[in-house]
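Structure first, commentary second.
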Amino acid sequence: MNAAGDSRPLAVVTGASAGIGAVFARRLAARGYDLLLVARRADRLQQLAAELQRAHGVHAGALAADLASDAGLHAVEQRLASAANLELLVNNAGFGTMGRFFRADVHGQDQMHRLHVLATVRLCHAALVNLTARNRGGIINVSSVAAFLQSPGSVSYCATKTWMNVFTDGLYQELRSLNSAVKVQALCPGYTYSEFHDVAGFDRSKVPSAMWLSAESVVEEALRAWDRGVLYCVPGWRYKLIVALLRLLPAAVLRAVAVRTARRLGR
Ligand SMILES: NC(=O)c1ccc[n+]([C@@H]2O[C@H](COP(=O)([O-])OP(=O)(O)OC[C@H]3O[C@@H](n4cnc5c(N)ncnc54)[C@H](OP(=O)(O)O)[C@@H]3O)[C@@H](O)[C@H]2O)c1
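100 is the number that my numbering gives to position 116 of the sequence shown; each next residue is one higher, with no gaps.
Right, dumping it as structure tokens:
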């Protein structure tokens, strides 16, 4: 039951103030979920919450929290642990940086590992204690196609997203081994229009237009895969093909190609 006494399921979406997270919130509200929206920009969250309540008649709350901080994580953990109608956690908050690891500001690298790794551990744990006790619902961890390769200039990003895939795969196996009804998904989008590339300072014109996805199409595919209980969701046929090839090629070949490409592009 939610605060209004209704029995709507609750979805908690991190990074809901923009991009893929905001689209998840809209699509889940349309499916009849109550929403708890999490990110740092409170004004954006409040605006979106009001829009969802108006458009879909669901209850939507905003929780401003920096998930790279202990205090922010604690606040979200408490909500995940205590919600009797928790059904879905979308761990989506994330960001990218540009440039060689040792030339980048170490604070940004530290924040990325906290957000992509530590926040995922802490929020998955809080959500799974609740969900496994009720044997329902699950978690979507928003990873990236970058999880399937290592790339000079994006060392921490690729490493943290690779970790996210491996972690989600491990959770999937634990849950299946217990015959649990709780589901997990690693969502691995390619280049997607959002604020991500503005934050990272990445020039979008460097990527051919055919390689760009809309946040709407990414979320639609993710939710279709969710309904089918698919572990890895790679939206778009081009990226499915690329990931299939990446999985076939020996690591030494991938490494050599990445090094050559980085030399050529001066990354
Ligand atoms: N766009 C792509 O091409 C692409 C491709 C593959 C994977 N992804 C992944 O998709 C996810 C969503 O990215 P997006 O493309 O939608 O980017 P976006 O438009 O920049 O949105 C990122 C979201 O994360 C939130 N966030 C960032 N740092 C945070 C922190 N410390 N605490 C709480 N919230 C934080 C931001 O909100 P505030 O600034 O308000 O906190 C924002 O809501 C990320 O995990 C990203 O790695 C994106």
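Glycine included, every Cβ here is placed at the ideal spot set by N, Cα and C.
Note that this is a predicted model, so its numbers are computed, not measured.
- Note on Pro219: 16 or more other CB atoms within 10 angstroms of its CB, so buried under the neighbour-count rule.
- By the neighbour-count criterion, in which 16 or more other beta carbons inside 10 Å mark a residue as buried, Gln169 falls on the buried side.
- In this structure, ligand 1 has no non-hydrogen atom nearer than 8 Å to the beta-carbon of Phe151.
- C-alpha of Met96 to C-alpha of Thr144: approximately 8 Å in a straight line.
- Distance between Glu200 and Ala65, taken at the CA atoms: about 29 Å.
- In this model, Asp211 and Cys217 are separated by some 12 Å (Cα to Cα).
- Under the DSSP definition of a beta bridge, Asn76 lacks any partner.
- Taking C-beta atoms under 8 Å as the contact rule, Leu155 and Cys142 fail to qualify, at a distance of about 21 Å.
- By the criterion of a C-beta distance shorter than 8 Å, Ala246 is surrounded in its chain by Ser135, Pro136, Gly137, once the five residues flanking it on both sides are discounted.
- For Cys217, the shortest separation between its Cβ and any heavy atom of ligand 1 does not lie below 8 Å.
- Taking the Cα positions, Ile4 is about 10 Å away from Val74.
- With respect to the C-alpha of Arg63, the residue from Arg118, Leu20, Asp50, Leu12 having the closest C-alpha is Leu20.
- Each residue's CA atom was taken as its position, placing Ala240 and Ala0 some 38 Å apart.
- Counting C-beta atoms within 10 angstroms of its own C-beta, Met195 has fewer than 16 neighbours from the protein chains shown and is therefore classed as exposed.
- In terms of Cβ geometry, Phe85 and Val139 form a close pair [threshold 9 Å].
- With fewer than 16 neighbouring CB atoms inside 10 Å of its own CB, Leu225 falls in the exposed class.
- The Cβ atoms of Leu72 and Leu(-6) sit closer than 9 Å to each other.
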